[in-house]
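Numbering (this note's numbering), first residue to last: 3 to 301. What follows is a short report on a single structure.
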Ligand SMILES: [Fe+2]
Ligand SMILES: [Fe+2]
């Protein structure tokens, strides 16, 4: 690809002209939910979510999933927030908010596959974080959810070019970012960093979006980036990638993210990968079911 074309692509991503705007109600909600958990007010959260009908419906659907620790069927938001607790409700609300960004049918690539991967990765990150004593499992969840935000940008801004990259990845069984580098001259880490900065996401999430395929290049928050990087790989190796199998063998302990994460979480040394992979399979089905369900809620 010529430098000039690559520059043009980058420019389009930076302008984000074709990027869907976040519905008005979601900006204050996101800002509110970013505050420390113990300062959040239940009524305020319910009020903010209720302002967007489809978001409220999606939150309820998710709140009723066993993945979020369903305790009993809930049919109203207030009960959902009480039942799930503020932390889980925040996970649910943030996930639903992001899901509204790429409506189905907007591009030739089915975004369901993308959300299955992102949501699956978020859940894997949280579970993994808890198992190895990572200090902030909620942040890990958010990192997993947002790590491929650069793909959303490409889906919206350069959909045809993105499809070419995805087709190459699929036909050769190579990782998506390698195919993007070949066909686009940049990867969803490059576009992810642009979007994350544009949206004023926190520094750690910018690092995740920009460096999760190369955690050693992160200048800050390397432990979080490494955790997301390994979780992403786990998902892809467990069939929760981008809808095609990658033709390679992975040894997790030899991945660059492993050594980085080990510095922060010594429990990783004795971590049982085989068992964790086995446990994950049990709830992958639920991830598929949930994303399918969420997309059936009228937007
Ligand atoms: Fe990625
Ligand atoms: Fe990913």
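Just so it is clear, CB atoms sit at the ideal spot from N, CA and C, and this is done for glycine as well. The model shown is predicted, which means the values in this text are computed figures rather than measured ones.
Using only the alpha-carbon positions, how far apart do residue 79 and residue 288 sit?
By one-based count along the chain shown, residue 79 stands at place 77. By one-based count along the chain shown, residue 288 stands at place 286. Those two C-alpha atoms are separated by around 21 Å.
Is residue 112 close to ligand 2? I mean its beta-carbon at under 6 Å from any heavy atom of the ligand.
In the chain shown, the residue the question calls residue 112 occupies position 110. No; taking the cut-off as 6 Å, the Cβ of residue 112 has no heavy atom of ligand 2 nearer than that.
Grab me the residues of residue 292's own chain with a C-beta within less than 8 Å of its C-beta, minus the 5 sequence neighbours each way, in chain order.
Residue numbering aside, residue 292 sits at position 290 when the chain shown is read from its first letter. Cβ within range, chain order: 63, 64, 67, 69, 121.
Under 7 Å between C-beta atoms of residue 230 and residue 146:
For the purposes of this step, residue 230 is identified with residue 228 of the chain shown, where counting begins at 1. For the purposes of this step, residue 146 is identified with residue 144 of the chain shown, where counting begins at 1. Contact: yes.
Tell me the DSSP secondary structure of residue 322 in three-state form.
Residue coverage of the chain in this structure runs from 3 to 301, which leaves residue 322 outside it and unanswerable.
Under a three-way DSSP split, which group does residue 290 fall into?
If you number the chain shown from 1, residue 290 lands on position 288. Assigned with DSSP and collapsed to three states, residue 290 falls in helix.
Does DSSP classify residue 16 as helix, strand or coil?
The sequence position of residue 16 within the chain shown is 14, counting from 1. The answer is helix: DSSP assigns residue 16 an H, G or I state.
Going residue by residue through the segment 130-191, where are the continuous alpha helix (DSSP H) segments of at least 4 residues, counting only ones entirely within it?
Fully enclosed alpha helix (DSSP H) runs of 4 or longer: 139-148, 151-159, 161-174, 178-185.
heavy atom of ligand 2 below 6 Å from residue 216 C-beta:
Position 214 of the chain shown holds residue 216. Not so, every heavy atom of ligand 2 lies at least 6 Å from the Cβ.
Closest to residue 268 by CA distance: which of 131, 286, 153, 236 is it?
Here residue 268 is taken as the residue at index 266 of the chain shown, counted from 1. In terms of CA proximity to residue 268, 131 leads the group 131, 286, 153, 236.
Member of 275, 273, 246 whose CA lies at the smallest distance from the CA of residue 119
Taking the chain shown and counting its residues from 1, one reaches residue 119 at position 117. Comparing Cα positions, the closest option is 246.
From which residue to which residue does the alpha helix (DSSP H) around residue 83 run?
Locating residue 83 in the chain shown gives position 81, counting from the first residue. Element bounds for residue 83: 79-101.
Label residue 7 either buried or exposed according to how many other C-beta atoms from any shown protein chain fall within 10 Å of its C-beta, with 16 as the threshold for buried.
On the chain shown, position 5 is the one that residue 7 refers to. Classification of residue 7: exposed, given that the 10 Å Cβ count is below 16.
Round the Cβ separation of residue 263 and residue 270 to the nearest angstrom and send it over; I've been treating them as touching at under 8 Å.
For the purposes of this step, residue 263 is taken as the residue at position 261 of the chain shown. For the purposes of this step, residue 270 is taken as the residue at position 268 of the chain shown. Between residue 270 and residue 263 the Cβ distance is about 6 Å, and since that is below 8 Å, they are a contact.
From 238, 192, 244, residue whose alpha carbon lies closest to that of residue 220:
Here residue 220 is taken as the residue at index 218 of the chain shown, counted from 1. The residue with the shortest Cα to Cα distance from residue 220 is 192.
Buried versus exposed call for residue 175 [16 or more other C-beta atoms within 10 Å across all chains shown]:
Locating residue 175 in the chain shown gives position 173, where the first residue counts as 1. Residue 175 is exposed by the Cβ-count criterion.
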